[in-house]
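First to last, the protein sequences are chains A, B and C.
In terms of the working numbering, the first sequence opens at residue 4 and continues consecutively.
In terms of the working numbering, the second sequence opens at residue 75 and continues consecutively.
In terms of the working numbering, the third sequence opens at residue 27 and continues consecutively.
All C-beta atoms in this analysis are idealised placements derived from N, C-alpha and C, irrespective of residue type, glycine included.
Let me begin by presenting the structure, written as structure tokens, before commenting on it.
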Amino acid sequence: MSRRPGFLVYGLLSAFVLGSTFPLYWSFVIGSVTKERAIQSPLPLYPGGYFLDNARRVFDQIDFWSALANSVLISGISAASVVFFSTLAGYSFAKLRFRGSNVAMAFVVATMAVPTQLAFVPLLKTFSNLDLTGTRTAVVLPFLVTAFGVFFMRQYLLDAIPDELIEAARVDGCSQLRTFWTVAVPAARPAMAILALFTFMQTWTEFMWPLLILQGSDVQTLQTALDQLKIAPAGGIADIALLQAGTLLATIPLLLLFIATGRQLVAGIMQGAVKG
Amino acid sequence: MSVTRTDAPAGEVLATSPATGSPVPPPGLTWRQKLSHWDFRFSPYLYVVPFFALFLVIGVYPMVYSGYLSFFSWPRYGLTHGEGVGFANYGHVLTDPVFHKAFWNTIGIFVLSAVPQVVVATVVAAMLDTPLRGRTWWRMSVLLPFVVAPAAAALIFGSIFADKTGLANEVLRAVGLSGVAWHTDRFASWTAIATMVNYRWTGYNTLIILAALQAIPRQLYEAAAIDGASRVQQFFHVTLPSIRPTMLFVIITATIGGMQIFTEPRLFDTNLQFQGGADYQYQTLTMYVFNTSNSGTDPYPRAAAATWIIVLIIIGIALLNYAITRQVQRRGER
Amino acid sequence: MRHSTTRRKAAVGAALALVAGTTAACGGDSEASQASLGKDDVLTITTFSDFGYDALIEEWNADPDRPFTVEMTKIADWDPWKQTLTQKLQAGDGLTDIVAVEGDAMPQFLSEGASDQFADISDSSLDDRWVEYAYKAGQTADGKQVGYPTDAGPEAFCYRADLFEKAGLPSDREEVEAIFETWDSYFAAGEELTAALPDTKWYDSSGSIAQAMLNQAEFPFQTADNTIDVENAELELVWDTVTGYSTTLSPRVVQWKEDWTANFTNDGFATMPCPGWMFSNIKSNAPEVEGWDIANAFPGGGGNWGGSYLAVPAMSEHQEEAQELAAWLTDADQELAAFEAAGNYPANVEAQESLAAENATDPYFNDAPTAVILADRAAAVEPGRPYKGDMYSDILGLFQTAIQRVDEGASPDESWETFTQAVDGLS
Numbered sequence: 004m005s006r007r008p009g010f011l012v013y014g015l016l017s018a019f020v021l022g023s024t025f026p027l028y029w030s031f032v033i034g035s036v037t038k039e040r041a042i043q044s045p046l047p048l049y050p051g052g053y054f055l056d057n058a059r060r061v062f063d064q065i066d067f068w069s070a071l072a073n074s075v076l077i078s079g080i081s082a083a084s085v086v087f088f089s090t091l092a093g094y095s096f097a098k099l100r101f102r103g104s105n106v107a108m109a110f111v112v113a114t115m116a117v118p119t120q121l122a123f124v125p126l127l128k129t130f131s132n133l134d135l136t137g138t139r140t141a142v143v144l145p146f147l148v149t150a151f152g153v154f155f156m157r158q159y160l161l162d163a164i165p166d167e168l169i170e171a172a173r174v175d176g177c178s179q180l181r182t183f184w185t186v187a188v189p190a191a192r193p194a195m196a197i198l199a200l201f202t203f204m205q206t207w208t209e210f211m212w213p214l215l216i217l218q219g220s221d222v223q224t225l226q227t228a229l230d231q232l233k234i235a236p237a238g239g240i241a242d243i244a245l246l247q248a249g250t251l252l253a254t255i256p257l258l259l260l261f262i263a264t265g266r267q268l269v270a271g272i273m274q275g276a277v278k279g
Numbered sequence: 075m076s077v078t079r080t081d082a083p084a085g086e087v088l089a090t091s092p093a094t095g096s097p098v099p100p101p102g103l104t105w106r107q108k109l110s111h112w113d114f115r116f117s118p119y120l121y122v123v124p125f126f127a128l129f130l131v132i133g134v135y136p137m138v139y140s141g142y143l144s145f146f147s148w149p150r151y152g153l154t155h156g157e158g159v160g161f162a163n164y165g166h167v168l169t170d171p172v173f174h175k176a177f178w179n180t181i182g183i184f185v186l187s188a189v190p191q192v193v194v195a196t197v198v199a200a201m202l203d204t205p206l207r208g209r210t211w212w213r214m215s216v217l218l219p220f221v222v223a224p225a226a227a228a229l230i231f232g233s234i235f236a237d238k239t240g241l242a243n244e245v246l247r248a249v250g251l252s253g254v255a256w257h258t259d260r261f262a263s264w265t266a267i268a269t270m271v272n273y274r275w276t277g278y279n280t281l282i283i284l285a286a287l288q289a290i291p292r293q294l295y296e297a298a299a300i301d302g303a304s305r306v307q308q309f310f311h312v313t314l315p316s317i318r319p320t321m322l323f324v325i326i327t328a329t330i331g332g333m334q335i336f337t338e339p340r341l342f343d344t345n346l347q348f349q350g351g352a353d354y355q356y357q358t359l360t361m362y363v364f365n366t367s368n369s370g371t372d373p374y375p376r377a378a379a380a381t382w383i384i385v386l387i388i389i390g391i392a393l394l395n396y397a398i399t400r401q402v403q404r405r406g407e408r
Numbered sequence: 027m028r029h030s031t032t033r034r035k036a037a038v039g040a041a042l043a044l045v046a047g048t049t050a051a052c053g054g055d056s057e058a059s060q061a062s063l064g065k066d067d068v069l070t071i072t073t074f075s076d077f078g079y080d081a082l083i084e085e086w087n088a089d090p091d092r093p094f095t096v097e098m099t100k101i102a103d104w105d106p107w108k109q110t111l112t113q114k115l116q117a118g119d120g121l122t123d124i125v126a127v128e129g130d131a132m133p134q135f136l137s138e139g140a141s142d143q144f145a146d147i148s149d150s151s152l153d154d155r156w157v158e159y160a161y162k163a164g165q166t167a168d169g170k171q172v173g174y175p176t177d178a179g180p181e182a183f184c185y186r187a188d189l190f191e192k193a194g195l196p197s198d199r200e201e202v203e204a205i206f207e208t209w210d211s212y213f214a215a216g217e218e219l220t221a222a223l224p225d226t227k228w229y230d231s232s233g234s235i236a237q238a239m240l241n242q243a244e245f246p247f248q249t250a251d252n253t254i255d256v257e258n259a260e261l262e263l264v265w266d267t268v269t270g271y272s273t274t275l276s277p278r279v280v281q282w283k284e285d286w287t288a289n290f291t292n293d294g295f296a297t298m299p300c301p302g303w304m305f306s307n308i309k310s311n312a313p314e315v316e317g318w319d320i321a322n323a324f325p326g327g328g329g330n331w332g333g334s335y336l337a338v339p340a341m342s343e344h345q346e347e348a349q350e351l352a353a354w355l356t357d358a359d360q361e362l363a364a365f366e367a368a369g370n371y372p373a374n375v376e377a378q379e380s381l382a383a384e385n386a387t388d389p390y391f392n393d394a395p396t397a398v399i400l401a402d403r404a405a406a407v408e409p410g411r412p413y414k415g416d417m418y419s420d421i422l423g424l425f426q427t428a429i430q431r432v433d434e435g436a437s438p439d440e441s442w443e444t445f446t447q448a449v450d451g452l453s
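Put into structure tokens, the structure is as follows:
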């Protein structure tokens, strides 16, 4: 496997990458023509000159910036919360011994297999009892902790911190909290960054739960705002050019984040995989 | 984690084991030492309790509550549930032809997404596991679709797979084939939806498998090469067996995701009542739950019953998965 | 990592609930506690499709003497909004102070249990404000007013005069009335046109013709005591007619979807049933197409398609203000403005009269006298037809789905079988 790859490998990989990029390009093509042109055969293959025009209509029709702010806020809080709780619990599971830790960890892992998103019936009811329906709080609450987060941090910390280090800290008379703070947190930092990034992206792309809890409310996330773009200015008719322009606009923030942090994300996914 | 670790007293670090089983600190310690003992004993719990407090209400309570609800009647628009009805709601769901269809649709879409995903991801990972120029760039590139939210992917592919005005059919017609009824034909609709799923997840799984490939000791290949194994033989006899656990991981996560698929078919739907196609061609189990929860009689309890049936199905599939893998593994060892 | 990132959707709330000592809403239909609004406090309203309220609400909010501020959420289509509305009424939370309800679904929200979830907005001073049948359709059997009528949907027929001419059919507004006299004459003309123009279908969708015919039936889905009965001659006639012409006269696309929209610009069809609110749909879908006209006739008499209501959920904390705004939005001037903006034909009597007096014409539709046509069409509507029981909207959805199946190639018998099974599943 040490042979230098030939043209075939580069060719196939390029084809795969082109395939990955094409839908975004297509979205831009359709988002940059008029709505009449968007459904006219033969379909356009190159971008037209109406993207800014369509984008302006997107901004007219939905409160894009407020939806963007909500998405950032909700994803950010979710990421911070997941990282906080997962690091604490993951450290405990990985490095400290306590009665029932095995059972508890097995339980957490097992719940990863249960589609709790199917549990929206009681959730809606519960949130309505709390008068939370249609609020940002209601959107973010379910994303405050994840089983995966704990699992991920535990796997990472298992190897990342030598036991001797913790022992040394103890011998020095450090309290558990201090040990956690001075030994575990610095060691966990790379994993924390990756988990934060990952959680941020996951929450950002959520659709069903925000739709369920927010529809009919003036609070929207980017994903649910997209759903609202299906309204044309005069009549309930889909305008594909508008829809694609909006889709692209809603994707751009995450795309920028990806360009900035893709390297870490790749490393994180691969690291998690080997340990998992 | 070993069993012994769990049985050891709380708060002890692996390397040390002064093992006192009793909750009371040994006598003769100073107050400060006692405090330290309590600190070490209970901190581990303190660290996991915040997580579990949230997790129990977020993850566990809704499931339990929906289980409870599934045995009651709850008329539409009623504010509270009515009397107990035994297993009637389960009976309704299990005898509903739409549920049967949704079950097979879900399985179909799952197979059409899991199989190509694993195959393509393995091939691409193998290509990435070569000394490429611009390695990081390639890796990032395959992960790109991951930033496209399911809703966005569904809208983009919805335009590609539109029956009359879509790109896919236009291309097919251009090369002289007839267009495909993406929203009508059951298999075609599954393919379209599976394509959206594959688009988002193949790159991600590629990286996971790539990580597994890189963890294979290079000596194994060298040994195989010395034995005269060709590169293809090496792939089947060294690579595949080595990444089997990772494959299983990929397949299981794909199963869990596949059974929950909702956004893509819902946004793909051309039926005004969101039935997943007029003939329920691509109504999935999650869509069934969603629709049930707001229509007909007893919407909540029936949706809850359907939810629990789906959980049992997933457990069943997971066990099946496990059994098959063990069987395969045993055969491999023989 | 994928799915496990879990959507532990949440019951964090549950914990909070326990901690907080379980807030209200668990028991009974207790009304939300009321709070009055100041000038800058927001009253919320949700509408679907286009109610033509944008300018009105802007005007309201621009008034320095407004009693409160209004914020409107618009949902694309009725059907997803119906799902949400149902879900949130069940949950007893999460709806705006005013919600728009489509007329076909009104009976379902007026039924026992459901109507408790709405505030009583009865006001005897408004008794003569709207046409009677629309007004009555917004109240429960025991006279509780749940909704104020926003509009009515008397149907005319829109047609492409240019395509008629090409096919050798009469195209003049008066002459075509003979075509739209009866369903027989209508379908016969359709066969003529499709024979002459093989790329054009006769109507926009099977669904809209089914809707038009259903609106003339007496008891299509339920008998007067709300017993479900779909195996009746009236419904079977609609079914046989629409599915019978599926392959010849229908473009077999689903209303409101992309392929349907595309047909507006590529001469995909020549006629469509046209309630007032459809006018603006045509204009926005085919701004460049010349040749649309409106016939002052409707096969088999008349019919009403659509017509919605504004209702105030009991969970609203500003019911009084909500009622005030709903009354304002459905007053003559505002219903007229909505007609101008979105073509929604007013249910308000005074607005109807002033429309007729104004004798408005529409240049897009070859200067058709839209106001007169809609007034005539409104007069042809037979009140109380069709009978709408509490399941009307649900069964209608299943019926339209069944027609879509046939359009997509299923055999009518099989599709009917699936339909009756699905109807059974509702109870």
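Thr-224(A): contacting residues in chain C (beta-carbon distance under 7 Å) = If you number the first sequence from 1, residue 224(A) lands on position 221. Neighbours of Thr-224(A) across chain C, judged by C-beta separation under 7 Å, do not exist; the nearest C-beta is about 14 Å away.
message = For Asn-392(C), which residues in the same chain have their Cβ closer than 6 Å to its Cβ, ignoring the five residues on either side in sequence?
response = Locating residue 392(C) in the third sequence gives position 366, where the first residue counts as 1. Only Asp-319 meet the Cβ criterion.
query = For Lys-114(C), which residues in chain A fall below 9 Å Cβ to Cβ?
reply = The residue given as residue 114(C) occupies position 88 in the third sequence. Taking a Cβ-Cβ threshold of 9 Å, the residues of chain A close to Lys-114(C) are Leu-127, Ser-131, Thr-136, Gly-137, Gln-218 and Gly-219, in chain order.
message = Quick check: is the beta carbon of Thr-265(B) nearer than 8 Å to any beta carbon in chain C?
response = Position 191 of the second sequence, counting from 1, holds the residue named residue 265(B). So no, Thr-265(B) is outside the interface.
task = Look up Ser-334(C) in the DSSP assignment and say whether it is helix, strand or coil.
result = The residue you call residue 334(C) lines up with position 308 of the third sequence. In this structure, Ser-334(C) counts as strand in the three-state DSSP scheme.
message = For chain A, check one thing: does any of its Cβ atoms lie closer than 8 Å to the Cβ of Leu-346(B)?
response = Here residue 346(B) corresponds to residue number 272 of the second sequence, with the count starting at 1. Chain A, which has no Cβ nearer than 8 Å to the Cβ of Leu-346(B), makes this no.
task = Give every residue of the same chain whose Cβ lies closer than 6 Å to the Cβ of Ser-419(C), excluding the five residues on either side of it in the sequence, and list them in chain order.
result = On the third sequence, residue 419(C) is found 393 positions in, with the first residue counted as 1. Within the same chain, Ser-419(C) has close Cβ partners Asp-130, Ala-131 and Gln-134.
query = Below 8 Å, can you find three or more Cβ-Cβ pairs linking the region 163-173 of chain A to the region 149-167 of chain C?
reply = No: the two stretches stay apart, fewer than three of their Cβ pairs being nearer than 8 Å.
key: alpha helix (DSSP H) runs wholly inside the region 229-261 of chain B, at least 4 long, in chain order   = 241-248, all fully within the region 229-261 of chain B.
Rounded C-alpha distance that separates Ile-283(B) from Asn-243(B) = Position 209 of the second sequence holds residue 283(B). Position 169 of the second sequence holds residue 243(B). The alpha-carbon atoms of Ile-283(B) and Asn-243(B) are separated by roughly 33 Å.
inquiry  = Quick check: is the beta carbon of Glu-434(C) nearer than 8 Å to any beta carbon in chain B?
reply    = If you number the third sequence from 1, residue 434(C) lands on position 408. Taking 8 Å as the CB threshold, Glu-434(C) lines the interface with chain B.
query = Using a Cβ-Cβ cut-off of 7 Å (strictly less than) and excluding sequence neighbours within five positions of Thr-276(B), which residues of its own chain qualify?
reply = By 1-based counting over the second sequence, the position of residue 276(B) is 202. Cβ neighbours of Thr-276(B) beyond the five flanking positions: Gln-191, Val-194 and Ala-195.
query = Do you know whose CA, among Thr-239(B), Ser-369(B), Phe-129(B) and Thr-180(B), lies nearest Thr-360(B)'s CA?
reply = As a first step, residue 360(B) is located in the second sequence; it is residue number 286 there, counting from the start. Comparing Cα positions, the closest option is Thr-180(B).
message = Comparing C-alpha positions only, which one of Ala-194(A), Ile-243(A), Phe-183(A) and Ser-23(A) sits nearest to Val-198(B)?
response = On the second sequence, residue 198(B) is found 124 positions in, with the first residue counted as 1. Minimum Cα distance to Val-198(B) is reached at Ser-23(A).
key: Selection from Ser-35(A), Gly-51(A) and Ala-72(A) that minimises the alpha carbon distance to Leu-225(A)   = In the first sequence, residue 225(A) corresponds to position 222, counting from 1. Closest option to Leu-225(A), Cα to Cα, is Ala-72(A).
message = So, under 8 Å CB-CB, Leu-281(A) and Leu-128(B) are touching, yes? Tell me the CB distance rounded to an integer number of Å.
response = Residue 281(A) is absent from the model: chain A starts at 4 and stops at 279.
query = Nearest to Gly-240(B) by alpha carbon, out of Met-211(A), Asp-63(A), Ala-244(A) and Gly-51(A)?
reply = On the second sequence, position 166 is the one that residue 240(B) refers to. Gly-240(B) has its Cα closest to that of Ala-244(A), out of Met-211(A), Asp-63(A), Ala-244(A) and Gly-51(A).
Selection from Pro-106(C), Asp-293(C), Asp-266(C) and Ala-163(C) that minimises the alpha carbon distance to Arg-186(C) = The residue given as residue 186(C) occupies position 160 in the third sequence. Checked all of Pro-106(C), Asp-293(C), Asp-266(C) and Ala-163(C); the closest Cα to Arg-186(C) is Asp-293(C).
message = Just to confirm before moving on: does the CB-CB distance between Gln-242(C) and Arg-411(C) stay below 8 Å?
response = Reading the third sequence from its first residue, position 216 is the one you call residue 242(C). Reading the third sequence from its first residue, position 385 is the one you call residue 411(C). Contact: yes.
key: 7 Å CB neighbourhood of Thr-337(B) in its chain, flanking five on each side removed   = Within the second sequence, the letter at position 263 stands for residue 337(B). Result list for Thr-337(B): Pro-224, Ala-225 and Ala-228, in chain order.
query = Gln-274(A) and Ala-102(C): beta carbons closer than 8 Å?
reply = Here residue 274(A) is taken as the residue at index 271 of the first sequence, counted from 1. Here residue 102(C) is taken as the residue at index 76 of the third sequence, counted from 1. For Gln-274(A) and Ala-102(C), no; Cβs fall outside 8 Å.
ask   = With DSSP run on the structure shown, which of helix, strand or coil describes Glu-138(C)?
value = The count along the third sequence starts at 1 and reaches residue 138(C) at position 112. Assignment of Glu-138(C) by DSSP, reduced to helix, strand and coil, places it in the coil class.
ask   = For the putative contact between Thr-250(A) and Ile-234(B), defined by C-beta atoms under 8 Å, what is the C-beta separation to the nearest angstrom?
value = Taking the first residue of the first sequence as position 1, residue 250(A) is located at position 247. Taking the first residue of the second sequence as position 1, residue 234(B) is located at position 160. Incorrect: roughly 12 Å between the Cβ atoms, too far for contact.
message = Please identify the residue among Leu-218(B), Leu-103(B), His-174(B) and Phe-173(B) whose C-alpha is closest to the C-alpha of Ala-19(A).
response = Position 16 of the first sequence holds residue 19(A). Here the sequence assigns Phe to residue 19(A), which means Ala is not the residue at that position. Per the Cα distances, Leu-218(B).
ask   = Where does the unbroken beta strand (DSSP E) through Leu-69(C) begin, and where does it stop?
value = Indexing the third sequence from 1 puts residue 69(C) at position 43. In the DSSP assignment, Leu-69(C) falls within the unbroken beta strand (DSSP E) covering 68-74.
task = Can you tell me which of Ala-286(B), Ile-326(B) and Ile-335(B) puts its alpha carbon nearest to the alpha carbon of Leu-314(B)?
result = Taking the second sequence and counting its residues from 1, one reaches residue 314(B) at position 240. Of Ala-286(B), Ile-326(B) and Ile-335(B), the smallest CA-CA separation from Leu-314(B) is found for Ala-286(B).
request  = Rank Tyr-354(B), Arg-318(B) and Arg-106(B) by C-alpha distance to the C-alpha of Arg-260(B) and give the top, closest one.
outcome  = As a working note, residue 260(B) is residue 186 in the second sequence. Comparing Cα-Cα distances from Arg-260(B) to each of Tyr-354(B), Arg-318(B) and Arg-106(B), the minimum goes to Tyr-354(B).
task = Please check if any C-beta of chain C sits within less than 8 Å of the C-beta of Ser-367(B).
result = Taking the second sequence and counting its residues from 1, the one referred to as residue 367(B) is at position 293. Against chain C, the CB of Ser-367(B) has a partner CB under 8 Å away; the residue lies at that interface.
request  = Please report the Cβ distance between Val-221(B) and Leu-257(A), rounded to the nearest whole angstrom; I am assuming they are in contact, meaning their Cβ atoms lie under 8 Å.
outcome  = Within the second sequence, numbered from 1, the residue matching residue 221(B) stands at position 147. Within the first sequence, numbered from 1, the residue matching residue 257(A) stands at position 254. Indeed, because the Cβ distance is near 4 Å, the residues count as touching under 8 Å.
key: Nearest to Thr-427(C) (by Cα), restricted to the options Glu-440(C), Ser-141(C) and Gly-415(C)   = As a first step, residue 427(C) is located in the third sequence; it is residue number 401 there, counting from the start. It is Glu-440(C) whose Cα lies nearest to the Cα of Thr-427(C).
query = Looking at the structure shown, is Glu-39(A) part of a helix, part of a strand, or coil, going by DSSP?
reply = Locating residue 39(A) in the first sequence gives position 36, counting from the first residue. DSSP places Glu-39(A) in the coil class of the three-state scheme, outside both helix and strand.
request  = State whether the region 220-238 of chain C contacts the region 276-288 of chain C, with contact taken as three or more CB pairs (one from each stretch) at a distance under 8 Å.
outcome  = These segments touch.
query = Is Ser-147(B) near Val-159(B), with beta carbons less than 8 Å apart?
reply = The count along the second sequence starts at 1 and reaches residue 147(B) at position 73. The count along the second sequence starts at 1 and reaches residue 159(B) at position 85. Judged by their CB atoms, Ser-147(B) and Val-159(B) are nearer to each other than the 8 Å cut-off.
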